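Engineer: What follows is a single structure, and I will ask about it in a moment.
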Amino acid sequence: MTTSDHELIRNAIAYFPIAVDKGNYELLSKAFTTDAVIKYPEPIGTLTGLVEIIQRTKAFLTNMKTHHALTTQAIELTSENTATATTYCMAGHFGTGDYEGKQLTGWADFNDKLVKGEFDGEQGWRIVERVVDFHVPHTGDRSLFGWDG
1 MTTSDHELIR NAIAYFPIAV DKGNYELLSK AFTTDAVIKY PEPIGTLTGL
51 VEIIQRTKAF LTNMKTHHAL TTQAIELTSE NTATATTYCM AGHFGTGDYE
101 GKQLTGWADF NDKLVKGEFD GEQGWRIVER VVDFHVPHTG DRSLFGWDG
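In full-length UniProt numbering, the protein residues as written are 1 to 149.
Now the structure itself:
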């Protein structure tokens with residue numbers, strides 16, 4: 001049985017929340033190309049390249065545990081080797097250590113451009129660009145993120 005392009009794309013997108021929630025940041029290599037770019041709204045900004053994506057994501061989440069839920073999704077194959085996807089995400093952030101008891105919930109759209117290629121010796125899909133849109137306000141204690149208010 002072969003895995004469809006849509007399933008491989010869904011898996012690539014799913015590796016981000018799995019990696020973050022489990023604290024297994026090296027797993028992000030199954031989600032993103034080595035030269036990928038993630039564009040977050042300010043104050044987070046742009047992360048360029050897999051190394052920076054791993055380093056900054058890990059540093060940002062140092063004082064918390066997370067739980068992400070991917071929901072509504074649309075995938076469009078734009079060519080044999082390219083695709084776009086929009087995926088809704090709800091993420092709970094739960095403070096640890098000095099931040100114990102603080103909680104923040106966020107909702108976002110992940111707007112991804114993906115490429116098909118050979119990765120780690122296998123054909124698959126990876127995200128080359130992600131634009132994150134916080135389409136509704138985060139709720140909870142914004143100080144967990146170091147944000148005002």
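Virtual Cβ for every residue (Gly too), placed ideally from N, Cα, C.
It should be emphasised that the depicted structure is a prediction, and the values quoted were computed from it without experimental measurement.
Going by the CB atoms, is the gap between Thr-78 and Asp-112 shorter than 8 Å?
Structural biologist: No, these two residues do not count as a Cβ contact at 8 Å.
Engineer: Taking 8 Å as the threshold, find out whether the segment 135 to 148 comes into contact with the segment 93 to 100 through three or more Cβ pairs.
Structural biologist: Touching, yes, given that three or more Cβ pairs across the two stretches are closer than 8 Å.
Engineer: Which one or two residues does DSSP pair with His-68 in a beta bridge?
Structural biologist: Note: His-68 sits in a beta bridge opposite Ala-91.
Engineer: Run the CB neighbour count on His-67, radius 10 Å, all protein chains shown included, and call it buried at 16 or more, exposed below.
Structural biologist: Exposed is the call here.
Engineer: Buried or exposed for Gly-23, please, with buried defined as at least 16 other CB atoms from any protein chain shown within 10 angstroms of its CB.
Structural biologist: The residue in question, Gly-23, is exposed, as its Cβ has fewer than 16 Cβ neighbours within 10 Å.
Engineer: Per DSSP, which one or two residues make a beta bridge with Arg-130?
Structural biologist: Answer by DSSP bridge pairing, in chain order: Ile-38, Asp-112.
Engineer: Restricting to Cα atoms, I'd like to know which of Asn-81, Leu-50, Pro-41 is closest to Thr-34.
Structural biologist: Comparing Cα positions, the closest option is Leu-50.
Engineer: Going by other Cβ atoms of all chains shown within 10 Å of its Cβ, with 16 needed for buried, is His-93 buried or exposed?
Structural biologist: With 16 or more other Cβ atoms within 10 Å, it is buried.
Engineer: Buried or exposed, going by whether 16 or more other CB atoms sit within 10 Å of the CB of Val-20?
Structural biologist: Counting Cβ neighbours within 10 Å, Val-20 comes out buried, since at least 16 surround it.
Engineer: Would DSSP call Ala-7 helix, strand or coil?
Structural biologist: Note on identity: in this sequence residue 7 is Glu, with Ala being the wrong assignment. The answer is helix: DSSP assigns Glu-7 an H, G or I state.
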